[in-house]
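Just so we're aligned, residue 4 is where the sequence shown starts under my numbering, counting upward by one.
Everything on this sheet refers to the single structure shown next.
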Amino acid sequence: MAVVEALRARGDDVLVVDLPAAEPEGAEALGAAFFAADLTSGEACRDAVAEAIRRFGRLDILVNNAGIQHVADIESFPEDRWRTMIDLMLTAPFVLTQAAWPHMRAAGWGRIVNMASIHAKVASPGKAAYVSAKHGLIGLTRTAALEGGEHGITVNALCPAYVRSRLVENQVADQAKLHGMDEDAVISDIMLAGAAIKRLIEPAEVAATVAYLASDAAAAVTGAAWDMDLGWTAR
4 MAVVEALRAR GDDVLVVDLP AAEPEGAEAL GAAFFAADLT SGEACRDAVA
54 EAIRRFGRLD ILVNNAGIQH VADIESFPED RWRTMIDLML TAPFVLTQAA
104 WPHMRAAGWG RIVNMASIHA KVASPGKAAY VSAKHGLIGL TRTAALEGGE
154 HGITVNALCP AYVRSRLVEN QVADQAKLHG MDEDAVISDI MLAGAAIKRL
204 IEPAEVAATV AYLASDAAAA VTGAAWDMDL GWTAR
């Protein structure tokens with residue numbers, strides 16, 4: 004919800020899209036609207052864009068932030084989980100972008116921010132689907148940036164390292180099981196091993212960068228895969 008809070012603080016109208024089982028109170032407490040949808044469905048993606056247009060009359064900013072994680076080696080990675088992760092983290096951003104595109108093009112202004120990961124640039128064992136989806140998201144970002152430039156649409160990807168989030172918290176136990184380590188060791192010896200700054204990234208830091216990329220101040224930034232990795236890839 005940190006991204007929602009940052010955009011609402013600027014005065015933006017925000018539609019939060021999450022699974023039907025999610026509770027809308029968090030979005031509503033921040034003054035945002037809520038729409039229940041399973042974004043692994045293309046139809047649901049198109050319905051979400053249509054709902055934003057219905058509620059607000061326009062769609063200026065799209066933040067593709069939905070994600071899940073499953074940690075397993077390639078030999079044991081379930082095919083159905085692979086397909087779900089690719090559908091959610093690569094196909095859904097494409098369909099949402101495709102659905103939002105005509106509205107942004109007609110307005111002559113649009114901002115699309117794809118939440119990638121430092122795993123969009125490097126790989127880690129046990130994350131075949133996640134790494135594949137995020138690498139693909141960089142390709143989508145760059146292609147859409149080239150197509151959107153003449154229409155005033157910028158498209159960028161944000162590539163953070165490990166953020167203090169539910170997704171990362173859930174990964175710790177999975178990584179501990181995969182590597183036979185305790186959870187504290189996973190954080191220090193795996194998640195932060197290559198980082199120059201030895202801490203997790205706070206959600207508010209990510210949200211502030213999203214808000215910048217979605218602003219007029221970032222009008223010259225497009226096609227970027229913006230590292231926010233605590234120095235992890237500086238080596």
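Ideal Cβ positions, reconstructed from N, Cα and C, are used throughout, including at glycine.
- Annotation: residue 30 to residue 195 spans about 31 angstroms, alpha carbon to alpha carbon.
- Annotation: residue 236 to residue 157 spans about 25 angstroms, alpha carbon to alpha carbon.
- DSSP places residue 116 within a strand segment (E or B) once states are collapsed to three.
- In the structure shown, the three-state DSSP call for residue 91 is helix.
- The residue from 98, 4, 16 with its alpha-carbon nearest to that of residue 47 is 98.
- With a threshold of 16 other beta carbon atoms within 10 Å, residue 232 meets it and is buried.
- Distance from the Cα of residue 160 is smallest, within the candidate group 7, 137, 166, for 137.
- Cβ neighbours of residue 4 within its own chain (closer than 6 angstroms, five residues either side excluded): 29.
- A direct Cα-to-Cα measurement between residue 188 and residue 103 gives close to 43 angstroms.
- In this structure residue 123 is in contact with residue 228, their Cβ atoms being roughly 6 angstroms apart against a cut-off of 8 angstroms.
- Around the beta carbon of residue 121, a 10 Å sphere encloses 16 or more other beta carbons of the protein chains shown; the residue is thus reported as buried.
- Judged by DSSP secondary structure, residue 56 falls within the alpha helix (DSSP H) whose first and last residues are 45-59.
- Your pair residue 27 and residue 37 checks out as a contact, with CB atoms roughly 4 angstroms apart and the cut at 8 angstroms.
- Annotation for residue 152: 225 place their beta carbon closer than 8 angstroms to its own, counting only its chain and skipping 5 residues before and after.
- In this structure, the alpha-carbon of residue 190 lies about 18 angstroms from that of residue 75.
- By the CB criterion at 7 angstroms, residue 126 and residue 88 fall outside the cutoff.
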